[in-house]
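Line by line, the protein sequences give chains A and B.
What the first sequence shows, in the working numbering, is residues 7 to 118, in sequence order.
What the second sequence shows, in the working numbering, is residues 272 to 383, in sequence order.
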Amino acid sequence: DVKVTQSSRYLVKRTGEKVFLECVQDMDHENMFWYRQDPGLGLRLIYFSYDVKMKEKGDIPEGYSVSREKKERFSLILESASTNQTSMYLCASSDYGGGGYTFGSGTRLTVV
Amino acid sequence: QKEVEQNSGPLSVPEGAIASLNCTYSDRGSQSFFWYRQYSGKSPELIMSIYSNGDKEDGRFTAQLNKASQYVSLLIRDSQPSDSATYLCAVTGYQAGTALIFGKGTTLSVSS
Chain A
7 DVKVTQSSRY LVKRTGEKVF LECVQDMDHE NMFWYRQDPG LGLRLIYFSY
57 DVKMKEKGDI PEGYSVSREK KERFSLILES ASTNQTSMYL CASSDYGGGG
107 YTFGSGTRLT VV
Chain B
272 QKEVEQNSGP LSVPEGAIAS LNCTYSDRGS QSFFWYRQYS GKSPELIMSI
322 YSNGDKEDGR FTAQLNKASQ YVSLLIRDSQ PSDSATYLCA VTGYQAGTAL
372 IFGKGTTLSV SS
């Protein structure tokens, strides 16, 4: 059926590790997004991409980078994981017209 | 900083009643408006989109938009216990036009 797949549902990493979160969509969407969701803070945009090899910073890009080498895949990279990056990470995609998002099931990352 | 404001709730209604969820946004340039439903432990799911002033109905759901007042609402008629969830309001607000700013959500509880 769908549609947006995040590679891991739960992930535990150590402080200082480089962490890769993968997201793949099969809807041929141009736009892809990474958010984190924390209690009391809601969904906050980390990075987004509206085309292959293009990226734009969101509200909280510090400590993160992204890669989009193919249209269907958008990776979030935590360069050196820290405990304050413990969160639920949500990937989403939308079509060129800017319609509503389809979300992946999320990755709950714990950094210890 | 562009913002989307929602009353966090909880909003409690009896089964069969109308639930009214409200949202205000700060960016007058926002063009697209969405309501998402998020069950506990799950990712958000798009339930309504609205792009022009007025009402839009889909089954038991009605979205209302008033751009002059920068106000969006969601009405749920004949509320069911299965409607118990957090409802997120989202609006376009970034330079690329497609990335969404989310409110922190309103928790709805429908009692049987």
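Beta carbons: idealized from backbone N, C-alpha and C, even for Gly.
Everything numeric in this text was worked out from a predicted model, so none of it was measured.
Please tell me whether residue i has its Cβ less than 7 Å away from any Cβ of chain B.
{"i": "A:S100", "result": "yes"}
{"i": "A:G22", "result": "no"}
{"i": "A:L96", "result": "yes"}
{"i": "A:N90", "result": "no"}
{"i": "A:G69", "result": "no"}
{"i": "A:L49", "result": "yes"}
{"i": "A:S55", "result": "no"}
{"i": "A:S111", "result": "yes"}
Using a C-beta cutoff of 7 Å, does residue i count as contacting chain A?
{"i": "B:T378", "result": "no"}
{"i": "B:R315", "result": "A small fix is needed here, since residue 315 of chain B is Pro in this sequence, not Arg. Yes, B:P315 lies at the interface with chain A (some Cβ there is under 7 Å from its Cβ)."}
{"i": "B:S297", "result": "no"}
{"i": "B:A334", "result": "no"}
{"i": "B:A370", "result": "yes"}
Listing by chain order, which chain A residues have their CB less than 9 Å from the CB of residue i?
{"i": "B:A356", "result": "Those do not exist, as B:A356 stays about 14 Å from chain A at its closest Cβ, beyond 9 Å."}
{"i": "B:F305", "result": "G105, G106, Y107"}
{"i": "B:K375", "result": "G46, L47, G48, L49"}
{"i": "B:A320", "result": "Going by the sequence as given, residue 320 of chain B is Ser instead of Ala. Here the neighbours are G105, G106."}
Residue i touches chain B at which residues, Cβ-Cβ below 7 Å?
{"i": "A:F80", "result": "Simply none; closest approach about 13 Å."}
If you draw a straight line from the alpha carbon of residue i to that of residue j, how long is it in whole angstroms?
{"i": "B:S340", "j": "B:F304", "result": "14 Å"}
{"i": "B:L292", "j": "B:Q302", "result": "20 Å"}
{"i": "B:R348", "j": "B:G287", "result": "7 Å"}
{"i": "A:F80", "j": "A:L51", "result": "14 Å"}
{"i": "A:D101", "j": "A:N37", "result": "6 Å"}
{"i": "A:G112", "j": "B:Y342", "result": "29 Å"}
{"i": "A:R20", "j": "A:A87", "result": "7 Å"}
{"i": "B:G374", "j": "A:K24", "result": "30 Å"}
{"i": "B:D242", "j": "B:V362", "result": "Lying outside 272 to 383, the shown extent of chain B, residue 242 of chain B is not represented and no answer is given."}
{"i": "B:L282", "j": "B:S350", "result": "12 Å"}
{"i": "B:V381", "j": "A:D65", "result": "34 Å"}
{"i": "A:H35", "j": "A:S99", "result": "6 Å"}
{"i": "A:V58", "j": "A:V118", "result": "33 Å"}
{"i": "B:L371", "j": "B:G364", "result": "6 Å"}
{"i": "B:E316", "j": "B:V284", "result": "22 Å"}
{"i": "A:M94", "j": "A:Q12", "result": "12 Å"}
With a cut-off of 8 Å on the beta carbons, I'd call residue i and residue j a contact; round off their distance for me.
{"i": "A:K63", "j": "A:Y53", "result": "6 Å"}
{"i": "B:A290", "j": "B:L379", "result": "6 Å"}
{"i": "A:G105", "j": "A:E85", "result": "Contact doesn't hold; Cβ gap of about 32 Å is too wide."}
{"i": "A:L17", "j": "A:L115", "result": "5 Å"}
Can you pull the chain B neighbours of residue i, defined as C-beta to C-beta under 9 Å?
{"i": "A:F26", "result": "Near A:F26 there are no residues of chain B at all, since even the closest Cβ is about 20 Å away, more than 9 Å."}
Is any beta-carbon of chain D found at less than 7 Å from that of residue i?
{"i": "A:L82", "result": "Here the protein chains are A and B, and chain D is not one of them."}
(request) Could you pull out every unbroken beta strand (DSSP E) segment of at least 3 residues lying fully inside the stretch 276-331 of chain B, listed in chain order? (result) You should have 282-285, 290-296, 304-309, 316-321, 325-329.
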